[in-house]
Amino acid sequence: MQNSVLDDLDPVAAQTVERAVAARGRAGREFDEAAAEVRRLMDAALDVMRRHDTIDPSVRDIVRAAGSSNQAFYRHFASKDALLLALIDDGRRRLCDTLDRRLARTASAAAARDAWVGGLLAQCTDVTAAAATRPFVVNADRLATRFPDDTTASAERVIARLRPHLADARDAVLAYDLVMAVVHRHLLARSHPTRAECTHIVEFVTRAAPALGEER
Numbered sequence: 031m032q033n034s035v036l037d038d039l040d041p042v043a044a045q046t047v048e049r050a051v052a053a054r055g056r057a058g059r060e061f062d063e064a065a066a067e068v069r070r071l072m073d074a075a076l077d078v079m080r081r082h083d084t085i086d087p088s089v090r091d092i093v094r095a096a097g098s099s100n101q102a103f104y105r106h107f108a109s110k111d112a113l114l115l116a117l118i119d120d121g122r123r124r125l126c127d128t129l130d131r132r133l134a135r136t137a138s139a140a141a142a143r144d145a146w147v148g149g150l151l152a153q154c155t156d157v158t159a160a161a162a163t164r165p166f167v168v169n170a171d172r173l174a175t176r177f178p179d180d181t182t183a184s185a186e187r188v189i190a191r192l193r194p195h196l197a198d199a200r201d202a203v204l205a206y207d208l209v210m211a212v213v214h215r216h217l218l219a220r221s222h223p224t225r226a227e228c229t230h231i232v233e234f235v236t237r238a239a240p241a242l243g244e245e246r
């Protein structure tokens, strides 16, 4: 049975805990301990990537920063890529939380669409968010190839926030692909879009993906 510590993890990381605990045939407090260990490893990986400005942290550096061990790492993650996948999923979960707060403050479908676009663009306009997101942009294609179902499901949670506000729900995927392409370009170049560029992107999405009640 899951608990508050396990529930604090993203779905991918939570599954690693459940698999590791189930494999040993135990439950109860071990869920808390395993979830806390996974969280420490994930936080340590982010810390290493930020401090060393690297997109490819070593397992040795991760476990050292976590105060853990290689044995503990591989008890939860089959590989370093599996950890990076969990971090991407965790980041998208946090992005969804931010989008939900933005959308809750809107009073129309058009405003919700614009707030959603702005929330995605914040990943490259906000310095802190950009630093945390860049490593995963660089690794995105490789991870999507290795874990297609997981990465698709993770992105779908972000896209799903936009669908109810569009005249044609199919436009949500295209809007996501467009905005994330801009985000990726700037993160890879270590640049930030200007306010004018952000405004232009919002206006472009407005024309390409009308909100409920609007016409093309």
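Numbering (my numbering), first residue to last: 31 to 246. Yeah, the Cβ is synthetic: ideal placement off N, Cα and C, and Gly gets one too. These figures come from a predicted structure and were not determined experimentally.
Should residue i and residue j be called a contact, given that it needs their Cβ atoms to be closer than 8 Å?
i, j, result
"H214", "H222", "no"
"L150", "M79", "no"
"A239", "A205", "yes"
"A74", "I85", "no"
"A202", "L208", "no"
"L125", "F103", "no"
"L114", "N169", "yes"
"R176", "D111", "yes"
"H106", "E67", "yes"
"A199", "R193", "yes"
"A145", "C154", "no"
"G243", "A139", "yes"
According to DSSP, residue i sits in a beta bridge with which residue or residues?
i, result
"A241", "L196"
Run through DSSP, which three-state label would residue i get?
i, result
"R246", "coil"
"I85", "coil"
"G148", "helix"
"G121", "helix"
"A137", "coil"
"G55", "Because the pLDDT at G55 is just 48, under 50, the model does not fix this residue reliably, and the value given afterwards should be weighed accordingly. The answer is coil: DSSP assigns G55 none of H, G, I, E or B."
"S184", "helix"
"R191", "coil"
"H230", "helix"
"D128", "Here the sequence assigns Thr to residue 128, which means Asp is not the residue at that position. Helix, per DSSP."
"T236", "helix"
Give me the residue from the options with the minimum Cα distance to residue i.
i, options, result
"R143", "T84, A226, A64, D130", "D130"
"V167", "R81, A74, I118", "I118"
"E227", "T181, L242, V147, G243", "V147"
"R122", "L173, D179, T163", "T163"
"A241", "L76, T136, T128", "T136"
"T224", "T158, V235, V212", "V212"
"D127", "V188, R69, P165", "V188"
Which first and last residues belong to the alpha helix (DSSP H) in which residue i is found?
i, result
"S175", "In the sequence as presented, Ser is not what sits at residue 175; that position holds Thr. 157-176 is the extent of the alpha helix (DSSP H) around T175."
"Q106", "According to the sequence provided, residue 106 is His. The question's Gln does not apply to it. Where H106 is concerned, the enclosing alpha helix (DSSP H) stretches over 100-106."
"R215", "201-219"
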